[in-house]
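S.K.: I am attaching a structure below and will ask some questions about it afterwards.
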Amino acid sequence: MHTTTATTTATQPAWARDVAIAAVGPAALGLCSGWAFGGTAPITMAALVPLAFLIVAIVTLPGLYVGSTLLGASIDLKATARLSVQAGRDLGVIFLGLAPALLFLSATATDQHEAIVLGLGAALMGAAVGIRAFYSRLREVEGGYGLLAAFAVWALLGLVLGTEIYMEMLRIGGGLP
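With numbering that gives the first Met the number 0 as the guide, the letters of the sequence shown map in order to residues 0 to 176.
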């Protein structure tokens, strides 16, 4: 008679998986966008691009929470944090999907300016889709025009700040003079 023993495997919490995907996606995008610059730029950009998204989130998310509260949307702080991590996961998945195409385009770019435009375009396109995913998650918790107004201002400021930080990361990473 054959007996089997059940083994239990510890599963990681969902938030840990979400945070890992949220970090790996921008790292892949950074690696691919730094490819055209050669040298250590791909590795440096793989480290700096996730940092750029983390900085934008840390700086802007409190403003979204306060602004939406002032405009009448009562979003729970824990829910905002949970939805932010889930939106980061969505963003990571989007960037993992864009990375192979960006790698091909960066590897075949004729000059570095073209590679800068391609990398920034991929980052902005992915961020825009990620922002949309975050808003749809927030609307499930709390809807209304107060949230819409606060979110629109937050998204615009986040995109502008993110673009500036991304360009600075390119300078640090060796992609810009």
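We put the beta carbon where it would ideally sit given N, CA and C, even for glycine.
Does the structure place the stretch 20-37 close enough to the stretch 100-114 that three or more beta carbon pairs sit under 8 Å?
M.R.: A contact exists between the stretch 100-114 and the stretch 20-37.
S.K.: Evaluate D177 with the Cβ neighbour count: other Cβ atoms within 10 Å of its Cβ, from every protein chain shown; 16 or more gives buried, anything less gives exposed.
M.R.: What the structure shows of the chain is the stretch from 0 to 176, and residue 177 is not part of that stretch, so it cannot be assessed.
S.K.: For G145, which residues in the same chain have their Cβ closer than 7 Å to its Cβ, ignoring the five residues on either side in sequence?
M.R.: The residue labelled residue 145 in the question sits at position 146 within the sequence shown. Result list for G145: S67, L70, G71, A72, in chain order.
S.K.: Buried or exposed: where does G29 fall if 16 or more other Cβ atoms within 10 Å of its Cβ makes it buried?
M.R.: For the purposes of this step, residue 29 is taken as the residue at position 30 of the sequence shown. So G29 ends up on the buried side.
S.K.: CA-CA distance, G118 and A132?
M.R.: As a working mapping, residue 118 is identified with position 119 in the sequence shown. As a working mapping, residue 132 is identified with position 133 in the sequence shown. Approximately 21 Å between the Cα atoms of the pair.
S.K.: Is DSSP giving G37 helix, strand or coil here?
M.R.: As a working mapping, residue 37 is identified with position 38 in the sequence shown. Here G37 sits in coil by DSSP.
S.K.: Rounded to the nearest angstrom, what separates A114 and G24 at their Cα positions?
M.R.: Numbered from its first residue, the sequence shown carries residue 114 at position 115. Numbered from its first residue, the sequence shown carries residue 24 at position 25. The straight-line gap from Cα to Cα measures roughly 19 Å.
S.K.: Reducing DSSP to helix, strand and coil, say where G172 ends up.
M.R.: Locating residue 172 in the sequence shown gives position 173, where the first residue counts as 1. The answer is helix: DSSP assigns G172 an H, G or I state.
S.K.: Beta-carbon separation of G129 and D89 under 8 Å?
M.R.: Counting from one through the sequence shown, the residue named residue 129 turns up at place 130. Counting from one through the sequence shown, the residue named residue 89 turns up at place 90. Yes, the pair counts as a contact, with Cβ atoms nearer than the cut-off.
S.K.: Let me confirm a value: A5 is counted as buried when at least 16 other C-beta atoms fall within 10 Å, else exposed. Which label applies?
M.R.: Looking up residue 5 in the sequence shown gives position 6. Since pLDDT at A5 reaches only 49, below the 50 mark, its modelled position is unreliable, and the value read off the structure follows with that caveat. With fewer than 16 Cβ atoms within 10 Å of its Cβ, A5 is classed as exposed.
S.K.: When you compare the CB positions of G161 and T43, do they come within less than 8 Å of one another, or not?
M.R.: For the purposes of this step, residue 161 is taken as residue 162 along the sequence shown, with counting starting at 1. For the purposes of this step, residue 43 is taken as residue 44 along the sequence shown, with counting starting at 1. Cβ distance not < 8 Å, so G161 and T43 don't count as in contact.
S.K.: Rounded to the nearest angstrom, how far is the Cβ of L76 from that of R136, given a contact under 8 Å?
M.R.: Along the sequence shown, one-based indexing puts residue 76 at 77. Along the sequence shown, one-based indexing puts residue 136 at 137. At roughly 15 Å, the Cβ-Cβ gap does not stay under 8 Å, so L76 and R136 are not in contact.
S.K.: Just checking my contact of A26 with V48 at CB under 8 Å: how many whole Å lie between their CB atoms?
M.R.: Indexing the sequence shown from 1 puts residue 26 at position 27. Indexing the sequence shown from 1 puts residue 48 at position 49. At roughly 7 Å, the Cβ-Cβ gap stays under 8 Å, so A26 and V48 are in contact.
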